[in-house]
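Undergrad:
Protein chains: 2
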Amino acid sequence: MVNFNFDTSTRILFGKGKVSEMIAEIRGKGSRLLLAYGGGSVKRNGLLDEVVQLLKNNEIAYVELGGIQPNPRMSSVREGIRLCREHQLDFIMAVGGGSVIDCCKAIAAGFYHNGDAWDFMIKKATVNKALPLGAILTLAATGSEMNGNAVISNEETYEKRAMSSRLLRPVFSVLDPAYTFTVDKWHTAAGVTDIMSHIFEVYFTTDTGTLVQDEMAEGLLRVCVRCGPATVDQPDNYELRANLLWAGTLALNGLLGAGKSPGDWASHAIEHEISAIYDVTHGAGLAVVIPAWMDYVLEENNARRFAGIARNIWGIDDKQDMAAAKKGISALRNFFSSIGMPVTLGELNIDQTHFEEMGRKACRFGPIGTTRKLNGEDVTAILNIAR
Amino acid sequence: MVNFNFDTSTRILFGKGKVSEMIAEIRGKGSRLLLAYGGGSVKRNGLLDEVVQLLKNNEIAYVELGGIQPNPRMSSVREGIRLCREHQLDFIMAVGGGSVIDCCKAIAAGFYHNGDAWDFMIKKATVNKALPLGAILTLAATGSEMNGNAVISNEETYEKRAMSSRLLRPVFSVLDPAYTFTVDKWHTAAGVTDIMSHIFEVYFTTDTGTLVQDEMAEGLLRVCVRCGPATVDQPDNYELRANLLWAGTLALNGLLGAGKSPGDWASHAIEHEISAIYDVTHGAGLAVVIPAWMDYVLEENNARRFAGIARNIWGIDDKQDMAAAKKGISALRNFFSSIGMPVTLGELNIDQTHFEEMGRKACRFGPIGTTRKLNGEDVTAILNIAR
Numbered sequence: 001m002v003n004f005n006f007d008t009s010t011r012i013l014f015g016k017g018k019v020s021e022m023i024a025e026i027r028g029k030g031s032r033l034l035l036a037y038g039g040g041s042v043k044r045n046g047l048l049d050e051v052v053q054l055l056k057n058n059e060i061a062y063v064e065l066g067g068i069q070p071n072p073r074m075s076s077v078r079e080g081i082r083l084c085r086e087h088q089l090d091f092i093m094a095v096g097g098g099s100v101i102d103c104c105k106a107i108a109a110g111f112y113h114n115g116d117a118w119d120f121m122i123k124k125a126t127v128n129k130a131l132p133l134g135a136i137l138t139l140a141a142t143g144s145e146m147n148g149n150a151v152i153s154n155e156e157t158y159e160k161r162a163m164s165s166r167l168l169r170p171v172f173s174v175l176d177p178a179y180t181f182t183v184d185k186w187h188t189a190a191g192v193t194d195i196m197s198h199i200f201e202v203y204f205t206t207d208t209g210t211l212v213q214d215e216m217a218e219g220l221l222r223v224c225v226r227c228g229p230a231t232v233d234q235p236d237n238y239e240l241r242a243n244l245l246w247a248g249t250l251a252l253n254g255l256l257g258a259g260k261s262p263g264d265w266a267s268h269a270i271e272h273e274i275s276a277i278y279d280v281t282h283g284a285g286l287a288v289v290i291p292a293w294m295d296y297v298l299e300e301n302n303a304r305r306f307a308g309i310a311r312n313i314w315g316i317d318d319k320q321d322m323a324a325a326k327k328g329i330s331a332l333r334n335f336f337s338s339i340g341m342p343v344t345l346g347e348l349n350i351d352q353t354h355f356e357e358m359g360r361k362a363c364r365f366g367p368i369g370t371t372r373k374l375n376g377e378d379v380t381a382i383l384n385i386a387r
Numbered sequence: 001m002v003n004f005n006f007d008t009s010t011r012i013l014f015g016k017g018k019v020s021e022m023i024a025e026i027r028g029k030g031s032r033l034l035l036a037y038g039g040g041s042v043k044r045n046g047l048l049d050e051v052v053q054l055l056k057n058n059e060i061a062y063v064e065l066g067g068i069q070p071n072p073r074m075s076s077v078r079e080g081i082r083l084c085r086e087h088q089l090d091f092i093m094a095v096g097g098g099s100v101i102d103c104c105k106a107i108a109a110g111f112y113h114n115g116d117a118w119d120f121m122i123k124k125a126t127v128n129k130a131l132p133l134g135a136i137l138t139l140a141a142t143g144s145e146m147n148g149n150a151v152i153s154n155e156e157t158y159e160k161r162a163m164s165s166r167l168l169r170p171v172f173s174v175l176d177p178a179y180t181f182t183v184d185k186w187h188t189a190a191g192v193t194d195i196m197s198h199i200f201e202v203y204f205t206t207d208t209g210t211l212v213q214d215e216m217a218e219g220l221l222r223v224c225v226r227c228g229p230a231t232v233d234q235p236d237n238y239e240l241r242a243n244l245l246w247a248g249t250l251a252l253n254g255l256l257g258a259g260k261s262p263g264d265w266a267s268h269a270i271e272h273e274i275s276a277i278y279d280v281t282h283g284a285g286l287a288v289v290i291p292a293w294m295d296y297v298l299e300e301n302n303a304r305r306f307a308g309i310a311r312n313i314w315g316i317d318d319k320q321d322m323a324a325a326k327k328g329i330s331a332l333r334n335f336f337s338s339i340g341m342p343v344t345l346g347e348l349n350i351d352q353t354h355f356e357e358m359g360r361k362a363c364r365f366g367p368i369g370t371t372r373k374l375n376g377e378d379v380t381a382i383l384n385i386a387r
């Protein structure tokens, strides 16, 4: 086990009706809010009205920033920063899924930055100060509600990049499973895939002897496998939604990676290049990339790790590591298909046109991945497997 | 899943040499320390010298409070409070296992209390303010390093009682597995038992559908079962010690119980009565009580839960819940025996003399337990099973 520091400053308010505790968490930290949200779903399901009413009843001023898109864009980030400065706002309230929360994190950091907020994504600037931020989560997927990570797309350069800082962790996050009842089958399945991908990315390291982390990772994967298909079929089952929501948060709050060497993250890097160009749903892109990545990087000296997934998640009892590993990858593809996710780029109407470009871009800062270090040609080969 | 709030303010510094980061964590929070520790082990293994040298090099003043005993006593708590007041100390540094940390928590709360600190244990007072506290852990067992709980013994009344407050969570805790190399076989095994007991206490609730929590609980139990005997045999195996240490912390930092109804805790209440009178090692007392408690409370309508442990921890494949549950309890007794723990009160030289008294005392504030509500006679019956 490698040395680590672990703390999670975000306070989780989990369960039905927990939004009512939001005001107590904001008090003392902010009085003039940026109220940020995405498309129409939070309007249609009444959540936005509920939040607005709470703010009004408690005489908390706010300015709205709506229309934040999936794969959130720099234009929204810049607009949010402008609003915060113009109206002297001191707290950001994100209502939505990971895209809204990520956008708000970039706004929180950009507010104090003398330059364009994209500087954070290209490592030209680091976060020294940020506006405090709260979140009301509406989708089980991202983990953004309890970490300091944000992924932003630059629509001018067709790039999608990440930033990370402890200062960007939400002060609090409201997780009410009932708010996720209206998430459609497609986005529910994409969320499940996203959660599983976060677990895979930190599971696949070269560490040995990290039993605690492995047990927790495998346990959360089994929760996804049990609850994922059932939730797609029963969208308003509170218990299923609750388990997925909590699993999604724990999958990426630092717990699974603490004590391990850095995770792989190649699949995410590759998917970011896909969705930067084609604007596909992040989880759907991952469902295509992950099994292809597994096919490509699997070899004798890491088969034990893949076999662990095969045996402990899919119940494959093949004693031979390589054989078990291959059956496990096949089971994963079948699982993604079963919940309605694509497993080929063709299903996303993506052809080979940009494969080389995506390979090059994914590795512009050097090789990606740790299970096997990948260069641009490797990435292109993986995209070809995923065809 | 029931509603919950979850946050963990304690910063964990985990790994070899992490004590060197202690000073940075203290800065800004305290400048005059109470340096508290137990018996001679931290002197013998050089840890105390290391800490003292760090404090001296950084010109941080401190007053020592040594000799804190297992099952920490009110006399140590009162002495600590006196020292803090007399020397105007503003930060408490606990170096040791759960007993030292628990004692320091009572000191931290008692410092601001106008009355005897025992008031907190008998619910005559609540914690409104406390001195900040840091910990350097030397034993995998208690979980006290990342929660706000403390258990204190009153040597005048032969009582052992608990208190709990968010304000008592350590600001930081140093977890260096190497500091646990010198823990002897007996205390290593008792620590493993204590960790497992914390998991059992929150596992046995009447909740259904808490898949995330169940998976994590079962995963940490498997870590104990795999690492416990191996660690007893290989006391200086860093990886084994690391897994036990981290499992112990996660077992009682609120994670396993979040989203569940209150845990059972009857076994702890019963053990507290035993060790209040006989001063046995907490973990050894638990090894005797837990299987007896299981025998007594097991019935058709909760057999599913016990069978879960039997199948997922012990690999018992009996399809009939009650039969599996019974085999699981038997496997647990065998496991405790295998690591050198007692499974009968006789092995601890405890006879029936105080069984009725212990039963009465355990339930003085009302019935205990949730799996099955127990009164004094039930407790006496459990002690008789444990004979």
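Chains A and B, in that order, are what the protein sequence lines are.
Under the working numbering, the first residue of the first sequence is numbered 1, with each subsequent residue one higher.
Under the working numbering, the first residue of the second sequence is numbered 1, with each subsequent residue one higher.
By construction, the Cβ of each residue, glycine as well, lies at the ideal position given by its N, Cα and C atoms.
(1) Please return the same chain residues whose Cβ sits closer than 7 Å to the Cβ of Thr180/A, not counting the five positions on each side in sequence.
(2) For Arg305/A, which residues of its own chain have a beta-carbon under 7 Å away from its beta-carbon, when the five flanking residues on both sides are left out?
(3) So does the stretch 191 to 206 of chain B actually touch the stretch 224 to 238 of chain A, counting three or more Cβ pairs closer than 8 Å?
(4) Please list, in chain order, the residues of the stretch 348 to 369 of chain B that have any C-beta partner in chain A closer than 8 Å.
(5) Taking 8 Å as the threshold, find out whether the stretch 11 to 21 of chain B comes into contact with the stretch 331 to 339 of chain A through three or more Cβ pairs.
(6) Near Ala61/A, what residues of its chain come up, given a Cβ to Cβ distance below 6 Å and the 5 sequence neighbours on each side ignored?
(7) Just to confirm, are Ala276/B and Ser153/B a CB contact at a threshold of 8 Å?
(8) I'd like to know if Leu167/B contacts chain A, where contact means its C-beta is closer than 8 Å to some C-beta of that chain.
(9) So Asn12/A is in the beta strand (DSSP E); what residue range does that whole segment cover?
(10) Could you have a look at Leu388/B and say whether DSSP puts it in helix, strand or coil?
(11) Is the number of C-beta pairs between the stretch 359 to 372 of chain B and the stretch 317 to 331 of chain B that are closer than 8 Å three or more?
(12) Measuring only the C-alpha atoms, how far is Tyr112/A from Ala130/A?
(13) Taking buried to mean at least 16 other C-beta atoms within 10 Å of its own C-beta, is Gln213/B buried or exposed?
(14) How many angstroms separate the CA atom of Val192/A from the CA atom of Pro70/B?
(15) Report the partner residues of Arg32/A according to the DSSP bridge assignment.
(16) Tell me whether Pro291/A is buried or exposed, calling it buried when 16 or more other Cβ atoms sit within 10 Å of its Cβ.
(17) Is Lys160/A helix, strand or coil when you go by DSSP?
(18) Along the beta strand (DSSP E) that carries Ala140/B, what are the first and last residues, could you check?
(19) Give the interface partners of Val223/B over in chain A, defined as CB-CB distance under 7 Å, in chain order.
(20) Would you mind giving the Cβ-Cβ distance between Ser165/B and Ala109/B, rounded to the nearest angstrom? I have them listed as a contact below 8 Å.
(21) Rounded to whole angstroms, what is the Cα-Cα separation between Asp444/B and Ile136/B?
(22) So who's on the other strand from Ala94/A, going by DSSP bridges?
(23) Taking the alpha helix (DSSP H) that Phe200/B falls in, what are its first and last residues?
(24) Could you check whether Ile101/A and Thr249/A sit closer than 8 Å to each other, using their CB atoms as the reference points?
(25) Please report how far the alpha carbon of Tyr158/B lies from the alpha carbon of His354/B, in whole angstroms.
(26) What are the start and end residues of each continuous alpha helix (DSSP H) run of 4 or more residues lying completely inside the stretch 272 to 312 of chain B, in chain order?
(27) For Cys227/A, go through chain B and note every residue whose CB falls closer than 8 Å to its CB, in chain order.
(28) With a threshold of 8 Å between beta-carbons, can Glu159/A be considered close to chain B, or not?
(29) Checking contacts by CB at 8 Å: is Asp295/A closer than that to chain B?
(30) Between which residues of its own chain and Asn384/A is the CB-CB distance below 8 Å, once the five residues before and five after are set aside?
(31) Locate the beta strand (DSSP E) running through Leu175/A, then write down its first and last residues.
(32) Just verifying my parser: in three-state terms, what is the DSSP assignment at Ile316/A?
(33) Please check the pair Trp293/B and Ile382/B, which I expect to be a contact at CB under 8 Å, by giving their CB distance rounded to whole angstroms.
(34) Buried or exposed, going by whether 16 or more other CB atoms sit within 10 Å of the CB of Gly46/A?
(35) Which residues of chain A have a Cβ atom closer than 8 Å to the Cβ of Thr8/B, listed in chain order?
(36) Taking just the CA atoms, how far does Leu252/A sit from Met22/A?
TA: In terms of the structure at hand:
(1) Thr138, Leu139, Ala140, Arg241 and Leu245
(2) Correct list, in chain order: Phe204.
(3) Because the criterion of three Cβ pairs below 8 Å is not met, the stretch 191 to 206 of chain B and the stretch 224 to 238 of chain A do not touch.
(4) none
(5) no
(6) Arg32
(7) yes
(8) no
(9) Just to set this straight, residue 12/A is Ile in the shown sequence, not Asn. Per DSSP, Ile12/A belongs to the beta strand (DSSP E) from Phe4 to Phe14.
(10) Residue 388/B is absent from the model: chain B starts at 1 and stops at 387.
(11) no
(12) 7 Å
(13) Sixteen is the threshold: when 16 or more other Cβ atoms of the shown chains lie within 10 Å of the Cβ of Gln213/B, as they do, the residue is buried.
(14) Rounded to the nearest whole angstrom, the CA to CA distance from Val192/A to Pro70/B is 47 Å.
(15) Ala61/A
(16) buried
(17) strand
(18) Segment: none, Ala140/B is in no beta strand (DSSP E) and carries neither H nor E.
(19) Leu211, Val212 and Glu215
(20) With a Cβ gap of about 7 Å, Ser165/B and Ala109/B count as contacting.
(21) Chain B is shown only over 1 to 387; residue 444/B falls outside these bounds and no answer can be derived.
(22) Ala36/A and Ala135/A
(23) Lys185 to Tyr203
(24) No, these two residues do not count as a Cβ contact at 8 Å.
(25) 12 Å
(26) 282 to 297
(27) Leu211
(28) no
(29) Not closer than 8 Å to any Cβ of chain B, the Cβ of Asp295/A fails to qualify, so no.
(30) By the criterion of a C-beta distance shorter than 8 Å, Asn384/A is surrounded in its chain by Gln352 and Phe355, once the five residues flanking it on both sides are discounted.
(31) Phe172 to Leu175
(32) coil
(33) 6 Å
(34) exposed
(35) Asp7 and Thr8
(36) Their Cα atoms are separated by approximately 23 Å.
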